[in-house]
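Peer 1:
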Amino acid sequence: MSELIFYTNPMSRGQIVRWMLEELGEPYEERLLDYGTTMKAPDYLAVNPMGKVPAIVHRGQVVTEGAAICTYLADAFPEKRLVPPPSARADYYRWLFFAAGPVEQAVTSHAFHWTPDEKQRRTVGFGSYEDVMNALEQAVAGKSFIAGDRFSAADVYVGAQIDWGLRFGTMPDRAAFADYVLPLRERPAYRRAQEIDGALIAKMQQGG
Numbered sequence: 001m002s003e004l005i006f007y008t009n010p011m012s013r014g015q016i017v018r019w020m021l022e023e024l025g026e027p028y029e030e031r032l033l034d035y036g037t038t039m040k041a042p043d044y045l046a047v048n049p050m051g052k053v054p055a056i057v058h059r060g061q062v063v064t065e066g067a068a069i070c071t072y073l074a075d076a077f078p079e080k081r082l083v084p085p086p087s088a089r090a091d092y093y094r095w096l097f098f099a100a101g102p103v104e105q106a107v108t109s110h111a112f113h114w115t116p117d118e119k120q121r122r123t124v125g126f127g128s129y130e131d132v133m134n135a136l137e138q139a140v141a142g143k144s145f146i147a148g149d150r151f152s153a154a155d156v157y158v159g160a161q162i163d164w165g166l167r168f169g170t171m172p173d174r175a176a177f178a179d180y181v182l183p184l185r186e187r188p189a190y191r192r193a194q195e196i197d198g199a200l201i202a203k204m205q206q207g208g
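In UniProt numbering, the protein residues as written are 1 to 208.
1) With a threshold of 16 other CB atoms inside 10 Å of the CB of arginine 13, please say whether the residue is buried or exposed.
2) Starting from isoleucine 146, follow the alpha helix (DSSP H) in both directions and report where the run begins and ends.
3) Taking the DSSP output, what are the residues bridged to glutamine 61?
4) Would you mind working out which of Val53, Thr123 and Gln105 sits nearest arginine 18, comparing C-alpha positions?
5) Between Asn134, Gly101 and Val158, which lies nearest to glycine 125 when the distance is taken from Cα to Cα?
6) Counting contacts by CB-CB distance shorter than 8 Å, is aspartate 163 in contact with chain B?
7) Residues in its own chain within less than 6 Å of tyrosine 180 by CB, not counting five upstream and five downstream?
8) Rounding to the nearest angstrom, what Cα-Cα distance links valine 83 and aspartate 75 in this structure?
9) At a cut-off of 7 Å, is isoleucine 201 close to the ligand NAD when judged by its beta-carbon and the heavy atoms of the ligand?
10) Hey, how far is the Cα of threonine 170 from the Cα of glutamine 161?
11) According to DSSP, simplified to helix, strand and coil, what is phenylalanine 126?
12) Would you kindly report the start and end of the unbroken alpha helix (DSSP H) that includes valine 104?
13) Have a look at Ala99, Ile5, Val63 and Val47 and flag the residue whose alpha-carbon is nearest the alpha-carbon of methionine 133.
14) Check tyrosine 92 in the structure and name its three-state DSSP category.
15) Check for me: the alpha helix (DSSP H) holding tyrosine 44 runs from which residue to which?
16) Skipping 5 residues on each side, what residues in its chain have a beta carbon closer than 8 Å to that of alanine 111?
17) Look at glycine 148 and proline 85 and say whether their C-beta atoms are less than 8 Å apart.
18) Going by the CB atoms, is the gap between methionine 20 and valine 156 shorter than 8 Å?
19) Could you compute how far the alpha carbon of tyrosine 92 sits from the alpha carbon of tyrosine 190?
20) On the three-state DSSP scale, how would you describe threonine 170?
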């Protein structure tokens with residue numbers, strides 16, 4: 001059995017972890033799961049009781065949630081230099097988990113056409129969609145990387161969120177977002193990940 005097992009579905013947030021794994025360049029065993037069947041089967045629920053992907057098992061340790069997986073893998077393979085130096089760690093953690101929390105919540109709520117009123121904004125973690133998009137724009141404006149002067153796991157997670165948002169219209173088409181994400185799309189690991197998942201999606205669609 002491989003030291004690193006990756007549970008995913010190509011039409012899921014597993015695409016984020018796929019990109020991270022390709023950045024690492026380490027061997028991993030892929031296990032594809034289907035919604036409603038193998039994703040809810042007892043053997044996978046023993047890995048993730050939520051019955052959702054992505055998840056990894058690394059040397060017997062289970063990690064779920066895309067942001068947690070990216071952070072874990074960056075720490076587990078320090079020689080890959082996907083964790084920024086200590087001087088840039090504040091931005092690294094700040095924006096990685098901002099993307100995992102407020103950005104995810106705001107984009108989902110916006111997609112479902114739910115806008116919190118003024119009173120509700122004091123309670124919900126993201127406040128408002130507009131506030132989140134403005135903060136995210138400030139985070140990436142004029143930057144090649146979200147934390148420090150080199151690529152890190154935070155760029156995988158933040159970049160994946162913005163990449164998805166621009167491709168599917170869940171985020172506004174702002175110049176700062178495009179300027180940040182376009183170079184990330186040229187990374188060999190990003191391209192490999194997209195090719196792998198694209199081929200898997202095409203195969204699934206052909207099979208009905």
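C-beta: ideal position from N, C-alpha, C; glycine also.
Peer 2: On the basis of the data shown:
1) buried
2) That residue, isoleucine 146, is in no alpha helix (DSSP H); it is neither H nor E in DSSP.
3) His58
4) Val53
5) Gly101
6) You won't find chain B in this structure, because it holds only one protein chain.
7) Val140
8) 7 Å
9) The ligand NAD is not part of this structure, which contains no ligands at all.
10) 10 Å
11) coil
12) This sequence places glutamate at residue 104; valine is not what is there. Looking at the DSSP string, the run of the alpha helix (DSSP H) that includes glutamate 104 is 104–111.
13) Of the candidates Ala99, Ile5, Val63 and Val47, the one whose C-alpha sits nearest the C-alpha of methionine 133 is Ala99.
14) helix
15) 42–45
16) Thr170
17) yes
18) yes
19) 20 Å
20) coil
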